[in-house]
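J.:
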Amino acid sequence: MKLQAVRGFKDWLPEDFRRYHYLCEVSRKILSLYGFEEVKIPILERTELYVRSIGEVTDIVQKETYTFIDRNGESLTLRPEATAGICRMVIEKSVYAKQKPIRFFTIGPMFRHERPQKGRLREFYQVSVEYFGDITPFVEAELINLSMHILKEPEKEFGSFLHPLRLEINSLGCPECRPSYREYLVSALKEKKDELCKTCQERLERNPLRVLDCKEDACKRVVSGLKTLNEFWCSACREHFTKLSGLLSSLGLKFFHNPYLVRGLDYYVRTIFEIKAEGLSAQDTVCAGGRYDYLVEELGGPKLPGIGFAIGVERWGLVVFGEDRAVPERQALVFIAPLGDQANELALKLSYELRVRGIKTVPSYEDKSLKAKLRFADKLGVEYVLILGEDEISQNKVCLKDMKRGTQELLPLDDIAFLVNRIKSQAE
Ligand SMILES: [Zn+2]
Ligand SMILES: [Zn+2]
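Each residue of the sequence shown is one higher than the one before, starting from 1 at the first, in my numbering.
1. For Y384, write down the residues that DSSP places opposite it in a beta bridge.
2. Sorry if obvious, but does the Cβ on C87 come closer than 7 Å to a heavy atom of ligand 1?
3. Is I272 helix, strand or coil by DSSP?
4. May I have the straight-line CA-CA distance separating H113 from G312, to the nearest angstrom?
5. Going by C-alpha distance, which of G55, E81, I54 and E45 is nearest S75?
6. Does the beta-carbon distance from N258 to E168 come in below 8 Å?
7. Flag W316 as yes when its Cβ comes closer than 7 Å to any non-hydrogen atom of ligand 1, and as no otherwise.
8. Cβ of W12 versus every heavy atom of ligand 1: is any distance shorter than 7 Å?
9. Could you pull out every unbroken alpha helix (DSSP H) segment of at least 4 residues lying fully inside the stretch 198 to 238, listed in chain order?
10. Check this for me: beta carbons of L413 and A343, under 8 Å apart or not?
11. Assuming the contact rule is C-beta atoms closer than 8 Å, L295 and S53 should be a hit. Round their C-beta distance to whole Å, please.
12. Given a threshold of 16 other Cβ atoms within 10 Å of its Cβ, counted over all protein chains shown, does R26 qualify as buried or as exposed?
13. Flag A236 as yes when its Cβ comes closer than 7 Å to any non-hydrogen atom of ligand 1, and as no otherwise.
14. Checking the sheet assignment: what are the DSSP bridge partners for I102?
15. For L429, count neighbouring Cβ atoms within 10 angstroms of its own Cβ and tell me buried if that reaches 16, exposed if not.
16. Any heavy atom of ligand 1 inside 7 Å of the beta-carbon of G108?
17. I144 lies in the alpha helix (DSSP H); which residues open and close that run?
18. What residues are listed by DSSP as bridge partners for P363?
19. The beta strand (DSSP E) that contains P47, what's its start and end?
20. Assign M89 to one of two classes, buried (16 or more other C-beta atoms within 10 Å of its C-beta) or exposed (fewer than that).
21. Which stretch, first to last residue, makes up the alpha helix (DSSP H) that contains Y22?
22. Under 8 Å by Cβ, that's how I've got E323 and Y125 pegged, so tell me the actual separation to the nearest angstrom.
23. Determine the burial state of W233: buried for a count of at least 16 other Cβ atoms within 10 Å of its Cβ, exposed for fewer.
24. Just reading off the beta strand (DSSP E) that P166 is part of, what are its end residues?
25. Starting from the Cα of A82, find the closest Cα among P109, Q62 and K93 and give me that residue.
26. Between the Cα of Y181 and the Cα atoms of G225, N230, T285 and E157, which residue gives the shortest distance?
27. With a cut-off of 8 Å, do at least 3 Cβ pairs link the stretch 175 to 191 to the stretch 274 to 286?
28. Using the Cβ count rule (16 or more neighbours within 10 Å means buried), how would you classify T407?
29. By Cβ distance below 7 Å, which residues in the same chain neighbour L248 in space, the five residues on each side in sequence not counted?
30. Does the structure place the stretch 374 to 381 close enough to the stretch 333 to 352 that three or more beta carbon pairs sit under 8 Å?
31. Using 8 Å as the threshold, is the C-beta distance between G300 and E130 below it?
32. Between R270 and C237, which are expected to be in contact by the criterion C-beta below 8 Å, what is the C-beta distance as a whole number of angstroms?
33. Can you tell me the Cα-Cα spacing of A282 and R206, whole angstroms?
34. Thinking just about the alpha-carbon of each residue, which of L49, E123, Y66 and K63 is nearest to the one in A5?
35. Any heavy atom of ligand 2 within a distance shorter than 7 Å of the CB on V39?
36. Nearest to T47 by alpha carbon, out of Y66, E37 and V39?
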């Protein structure tokens with residue numbers, strides 16, 4: 001059998017990595033402007049963490065986690081998202097006792113055993129941002145604005161996105177008002193049970209809110225005839241939503257209230273939001289977030305409300321780069337073309353000298369003609385080539401060729417500082 005990567009798991013070639021790296025850089029830069037600090041949590045956690053946080057009855061824990069028994073007989077799970085792990089860390093390390101509010105973020109892979117399709121992988125990367133402290137509409141507005149700020153930042157460099165971003169918000173209500181909606185929803189859905197898709201028939205009792213955002217036409221039809229959550233909001237939830245809407249508008253953020261927006265995770269209360277890339281594919285959600293007031297408490301910590309969001313790096317990459325736009329190389333590469341063994345030895349030393357001075361250098365030791373080496377350098381998009389042939393060496397010189405301008409000049413081989421200056425001044 002031919003060895004292949006596991007389905008839903010992707011290899012990254014250098015160009016993929018450059019895109020990822022670029023998106024991480026953008027995220028780190030913007031997050032730091034908002035006072036967020038990077039943390040790291042393990043990829044593996046005890047299964048119990050996800051059962052207690054995400055909830056046993058959700059689709060995620062029921063069907064989508066990579067869970068296994070390790071050699072000590074302990075049930076472990078590859079993290080399907082980062083919020084639960086960060087909450088665990090905040091509790092375990094008593095972070096809340098030292099600082100409040102807490103502004104943390106982490107970047108890394110998540111794992112879910114979902115059906116792979118365009119824009120959906122089983123190993124996927126997220127920028128996960130979490131804020132703990134007193135959550136007011138001001139905090140919510142700042143976080144929503146932050147998510148948009150990060151996502152749109154690459155437009156400065158690459159121009160407007162092909163798939164414009166669309167911000168949708170909703171309130172899931174609170175423990176005061178959500179139960180009555182849930183009750184209404186279950187009984188209304190039961191009457192139309194036969195019309196729902198198979199998954200939703202299963203969801204009906206354990207996770208009825210998920211029926212609201214089912215993509216099946218039959219379910220959409222049923223849902224469109226029902227009352228929406230906002231008709232059940234208590235006055236506090238209503239006021240909160242109005243305040244938040246006003247703040248988002250004052251920030252100049254365009255948003256839509258989507259009453260069918262829900263979350264697959266049990267722990268969200270009140271404000272949730274999603275940012276979609278219009279027309280990207282069936283999987284068009286690039287960022288999803290919301291507020292979780294009781295999660296830390298439920299995991300055995302203090303009363304510490306939180307709000308967070310996660311950006312799907314692969315999908316964001318599709319929005320920024322499309323299928324084929326490459327991230328430009330930021331540092332010019334100097335290519336050394338030595339001819340013969342003596343030249344190879346000089347190239348070995350010279351490339352080290354240049355690297356020590358911060359110049360990215362790649363020598364070609366291959367036994368090929370100068371023409372072949374230059375052709376290769378051209379293919380790499382190299383801007384400068386240092387040619388070390390017999391003639392040059394006999395004069396103790398090296399030839400600097402500017403590939404773009406097509407010019408070349410002889411420079412002293414033993415005056416590295418001069419050489420470096422020449423390269424740097426040409427690069428400017
Ligand atoms: Zn309420
Ligand atoms: Zn359905």
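By construction, the Cβ of each residue, glycine as well, lies at the ideal position given by its N, Cα and C atoms.
T.: With the structure as the only source:
1. Translated into positions along the sequence shown, residue 384 becomes position 384. According to DSSP, which records beta bridges pairwise, Y384 is partnered with V334 and D402.
2. As a first step, residue 87 is located in the sequence shown; it is residue number 87 there, counting from the start. No, since every heavy atom of ligand 1 falls outside the 7 Å radius drawn around the Cβ of C87.
3. Working through the sequence shown from its first residue, we reach residue 272 at position 272. I272 falls in the strand class under three-state DSSP.
4. If you number the sequence shown from 1, residue 113 lands on position 113. If you number the sequence shown from 1, residue 312 lands on position 312. If I take the Cα positions, the gap works out to 16 Å.
5. The count along the sequence shown starts at 1 and reaches residue 75 at position 75. For the residues G55, E81, I54 and E45, the minimum Cα distance to S75 belongs to E45.
6. Here residue 258 corresponds to residue number 258 of the sequence shown, with the count starting at 1. Here residue 168 corresponds to residue number 168 of the sequence shown, with the count starting at 1. A contact, by the Cβ cut-off of 8 Å.
7. In the sequence shown, the residue the question calls residue 316 occupies position 316. False, no ligand heavy atom lies under 7 Å from that Cβ.
8. Taking the sequence shown and counting its residues from 1, one reaches residue 12 at position 12. No, ligand 1 has no heavy atom inside 7 Å of this Cβ.
9. Taking only runs of at least 4 residues, the alpha helix (DSSP H) segments lying wholly in the stretch 198 to 238 are 198 to 206 and 217 to 224.
10. Locating residue 413 in the sequence shown gives position 413, counting from the first residue. Locating residue 343 in the sequence shown gives position 343, counting from the first residue. The answer is no: Cβ separation not under 8 Å.
11. As a working mapping, residue 295 is identified with position 295 in the sequence shown. As a working mapping, residue 53 is identified with position 53 in the sequence shown. At roughly 6 Å, the Cβ-Cβ gap stays under 8 Å, so L295 and S53 are in contact.
12. On the sequence shown, position 26 is the one that residue 26 refers to. According to the sequence as given, residue 26 is Val; it is not Arg. If you draw a 10 Å sphere on the C-beta of V26, you find 16 or more other C-beta atoms in it, and that means buried.
13. Indexing the sequence shown from 1 puts residue 236 at position 236. Checking every heavy atom of ligand 1 against the Cβ of A236, one is found closer than 7 Å.
14. Translated into positions along the sequence shown, residue 102 becomes position 102. The partner list for I102 (beta bridge, DSSP) reads F132.
15. Residue coverage of the chain in this structure runs from 1 to 428, which leaves residue 429 outside it and unanswerable.
16. The residue given as residue 108 occupies position 108 in the sequence shown. Here the distance from the Cβ of G108 to the nearest heavy atom of ligand 1 is not below 7 Å.
17. Stepping through the sequence shown from its first residue, residue 144 is reached at position 144. Unbroken alpha helix (DSSP H) run through I144: P137 to K152.
18. Working through the sequence shown from its first residue, we reach residue 363 at position 363. According to DSSP, P363 shares a beta bridge with I336.
19. Counted from its first residue, the sequence shown places residue 47 at position 47. Note that residue 47 is Thr in the sequence shown here, rather than Pro. For T47, there is no enclosing beta strand (DSSP E); the enclosing alpha helix (DSSP H) has its first and last residue at T47 to Y50.
20. Here residue 89 refers to the residue found at position 89 of the sequence shown. The residue in question, M89, is buried, as its Cβ has 16 or more Cβ neighbours within 10 Å.
21. In the sequence shown, residue 22 corresponds to position 22, counting from 1. It spans P14 to L33 - the alpha helix (DSSP H) in which Y22 sits, taken as one unbroken run.
22. Translated into positions along the sequence shown, residue 323 becomes position 323. Translated into positions along the sequence shown, residue 125 becomes position 125. About 18 Å separates the two Cβ atoms, so there is no contact after all.
23. What you label residue 233 is simply residue 233 of the sequence shown in a count that begins at 1. The residue in question, W233, is buried, as its Cβ has 16 or more Cβ neighbours within 10 Å.
24. The residue given as residue 166 occupies position 166 in the sequence shown. It should be pointed out that residue 166 corresponds to Arg in this sequence rather than to Pro. For R166, the enclosing beta strand (DSSP E) has its first and last residue at L165 to S171.
25. On the sequence shown, residue 82 is found 82 positions in, with the first residue counted as 1. Looking from the CA of A82, the closest CA among P109, Q62 and K93 belongs to P109.
26. The count along the sequence shown starts at 1 and reaches residue 181 at position 181. When only C-alpha atoms are compared, the closest one is N230.
27. Touching, no, given that fewer than three Cβ pairs across the two stretches are closer than 8 Å.
28. Sequence index remark: in the sequence shown, residue 407 carries index 407 (1-based). Burial check for T407: the Cβ neighbour count within 10 Å stays below 16, so the residue is exposed.
29. As a first step, residue 248 must be located in the sequence shown, where it is residue number 248. Taking L248 as the centre and dropping the five residues before and after it, the same chain places the C-beta of A141, I144 and F255 closer than 7 Å to its C-beta, in chain order.
30. A contact exists between the stretch 333 to 352 and the stretch 374 to 381.
31. For the purposes of this step, residue 300 is identified with residue 300 of the sequence shown, where counting begins at 1. For the purposes of this step, residue 130 is identified with residue 130 of the sequence shown, where counting begins at 1. No. Outside cutoff.
32. Position 270 of the sequence shown, counting from 1, holds the residue named residue 270. Position 237 of the sequence shown, counting from 1, holds the residue named residue 237. Indeed, because the Cβ distance is near 6 Å, the residues count as touching under 8 Å.
33. Within the sequence shown, the letter at position 282 stands for residue 282. Within the sequence shown, the letter at position 206 stands for residue 206. If you take the alpha carbons of A282 and R206, they lie about 25 Å apart.
34. One-based indexing of the sequence shown puts residue 5 at position 5. When L49, E123, Y66 and K63 are compared, the shortest CA-CA separation from A5 is found for E123.
35. Your numbering for residue 39 matches position 39 in the sequence shown. V39: no, Cβ never under 7 Å from ligand 2.
36. Counting from one through the sequence shown, the residue named residue 47 turns up at place 47. Comparing Cα positions, the closest option is Y66.
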